[in-house]
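Asker:
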Amino acid sequence: MFPVFLALRPQAYPTPTLLGLEGHLLPEMEIIHAMTAFVIFAHEARERRRPASDAFKYACQNWAFHLARAPNQWDKSLHHIFKVFWNRHLLPWLEAQWCLKGLQSCLGVLSEGQQLAKEHLFQTPESSLGRV
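Adding 3 to a residue's 1-based position in the sequence shown gives its number in our numbering.
(1) What is the rounded straight-line gap between the Cα of residue 77 and the Cα of residue 107?
(2) Relative to the alpha-carbon of residue 93, which residue among 104, 74, 82, 117 has its alpha-carbon at the smallest distance?
(3) In angstroms, rounded to a whole number, what distance separates the CA positions of residue 68 and residue 45?
(4) Assign residue 134 to one of two classes, buried (16 or more other C-beta atoms within 10 Å of its C-beta) or exposed (fewer than that).
(5) Below 6 angstroms CB to CB, which residues in the same chain sit around residue 120 once its five sequence neighbours on both sides are set aside?
(6) By the three-class DSSP mapping on this structure, what secondary structure does residue 66 have?
(7) So is residue 36 buried or exposed if we call it buried at 16+ other beta carbons inside 10 Å?
(8) Whole angstroms are fine: how far does the CA of residue 81 sit from the CA of residue 87?
(9) Measure the alpha-carbon distance for residue 40 versus residue 50 and round it to whole angstroms.
(10) Please report the straight-line C-alpha distance between residue 34 and residue 42, rounded to a whole angstrom.
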């Protein structure tokens, strides 16, 4: 579907071509190219995730739920695993979750994960001493 706001936008410069005076794409065409690239990326990502196993789908959807129910005092191993995931693998997870369940689901799980990060990654050593 063509974005209506582009069709109704007044032109500041009369030119019959898609290129401006200096040979660069006009802003409207840059937006259309970006939207097209995003749609292609989204379709390719969805196709890559389609054959995902049920275990993968469950893990993508429920990792924050299970971590939230872990004991308040995380051991070093769990803390390290979560930190590596949060710092290095959050973007691939976001892509996978978006393709599997949609953006609304991503935001819900990401909100839970953000709360865990605040509690376990961004706490000062003094604040963790008082936790039981």
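No residue lacks a Cβ here, since even glycine has one placed at the ideal position from N, Cα and C. No experiment lies behind these values; they were computed from the predicted model shown.
Answerer: Well, looking at it:
(1) 29 angstroms
(2) 117
(3) 26 angstroms
(4) No answer about residue 134 holds up, because its pLDDT of 43 lies below 50 and its placement is not dependable.
(5) 89
(6) helix
(7) exposed
(8) Note on geometry: alpha-carbon atoms of residue 87 and residue 81 lie some 10 angstroms from one another.
(9) 15 angstroms
(10) 12 angstroms
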